Amino acid sequence: MVQTNVSQLATVGLVLFVTGYYLHQYLSKPQPRRTKARSSSTASGASSDITTDASSESEESEDEGIDVDSRPLNEVPGEVRMTLIVRQDLKMGKGKAAAQCLHATLALYKKITNPESEAYNPEMVQRWEYGNGQAKITLQVPNQEEMDTLFAQAISLGINSYIVHDAGRTQIAAGSATVLGLGPAPKAVIDEITSNLKLY
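For the sequence shown, UniProt numbering gives the first residue as 1, with consecutive numbering after it.
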């Protein structure tokens, strides 16, 4: 009798495990994109796609980015860092700003480590990860106009860049550009466009 109960419990446990695994796989698939708008950066003439995913409740932010080939920057010596530039006019709380910086960090890392992306640069990633401990710095910018200018300058210098757009579920309006992420790239190159910005 006890043997039968243990056998039945093991069978039920196995069925629940397998069901949970496949349910997780199904729910983890990317949700379909609903709208797509074309945006252009006036400072550089470069254009990018901004995609809004209204169906994904787990996603806090949307993004804007152009994949650039940063391999020529591998020749620039020195420290490699990632720079996160936070808009001040939105008056985000510290937690909100931190979350937006994390979105930018992850997006930049995914771009530069994706072999199918034009941004793929494993040498730069290795310098950033092992050369100086994945250095990151947060700076501030007063408004979106200046953020767009920095974005255009970064693209022109071959620095991978990423603008996070908020989904609008908490503190600020949907679609607001919150954080500009730059890099990983040599500090000397990033400093060409960010040296006059204050720390966040």
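Beta carbons: idealized from backbone N, C-alpha and C, even for Gly. Note that the structure is predicted; figures quoted are calculated from it, not measured.
Taking the continuous alpha helix (DSSP H) assigned at residue i, which residues delimit it?
i    : result
Y162 : It is not in any alpha helix (DSSP H) - Y162 instead sits in the beta strand (DSSP E) that spans 161-166.
G183 : Careful: G183 lies outside any alpha helix (DSSP H), inside the beta strand (DSSP E) at 177-186.
M92  : No alpha helix (DSSP H) holds M92; DSSP gives it neither H nor E.
L150 : 144-156
Rounded to whole angstroms, what's the CA-CA distance from residue i to residue j? Just pull it up for me.
i    : j    : result
A97  : T170 : 12 Å
R87  : E75  : 31 Å
V68  : K94  : 30 Å
L199 : L84  : 10 Å
D148 : S176 : 12 Å
L180 : E123 : 23 Å
G183 : Y130 : 15 Å
Buried or exposed, going by whether 16 or more other CB atoms sit within 10 Å of the CB of residue i?
i    : result
A174 : exposed
K36  : Unreliable placement is indicated for K36, whose pLDDT of 37 sits below 50; the coordinate value is still reported in the next sentence. Exposed.
Q100 : buried
K29  : Any answer about K29 is weak, because its pLDDT of 45 lies below 50 and its placement is not dependable; what the coordinates show is given next. When all chains shown are included, K29 counts as exposed.
V189 : buried
N121 : buried
Just curious, the beta strand (DSSP E) that residue i is in, first and last residue?
i    : result
K136 : 136-141
Going by beta carbon distance, what residues of the same chain come within less than 7 Å of residue i, once the five residues before and after it are set aside?
i    : result
Q134 : W128
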